[in-house]
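Worksheet: one structure, shown below.
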Amino acid sequence: MHYLASYDIHKNRYRNKAAKLLLRYGFVRVQLSVYFNSKLTGKELKNLRQELKELLSDASCQNDSVLLIPIEKDHLASISLIGEERIQEACEKFNGFRFF
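Written as structure tokens, this is what we have:
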């Protein structure tokens, strides 16, 4: 299963920890707070969710959140990225992204 992850974390310290955590799980940054992963297993997803819950609990901010969105492989063809050439290079290895 492919996953898109996005976060809204106010404190820099915890935002940086979330970014490093997503990268450690194989996510690729596609925007400042948006990441994509095409190889996440069910076990990894379970562990990631737990680590993110702990991170947000430590951050002690009720408005912080992380969004994990599953994406079926056949839906990749309908994803569009407009602009941001630096992101295109990171996404090119994932079939289905279209650039304008």
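FYI, the numbering for the sequence shown is 28 to 127, going by this note's numbering. Beta carbons: idealized from backbone N, C-alpha and C, even for Gly. Please read these numbers as outputs of a predicted model, since none were measured by experiment.
Counting the other Cβ atoms within 10 Å of the Cβ of A104 gives fewer than 16, which makes it exposed. Across the structure, K80 and N74 are spaced so that their CA atoms are roughly 10 Å apart.
In its chain, beyond the 5 residues on either side, L31, V55 and V57 have a beta carbon closer than 6 Å to the beta carbon of F63.
If only complete runs of 3 or more residues are kept, the region 77-101 shows the beta strand (DSSP E) at 92-98, in order along the chain. A direct Cα-to-Cα measurement between A86 and K44 gives close to 10 Å.
8 Å or more divides the Cβ of L72 from the Cβ of G53.
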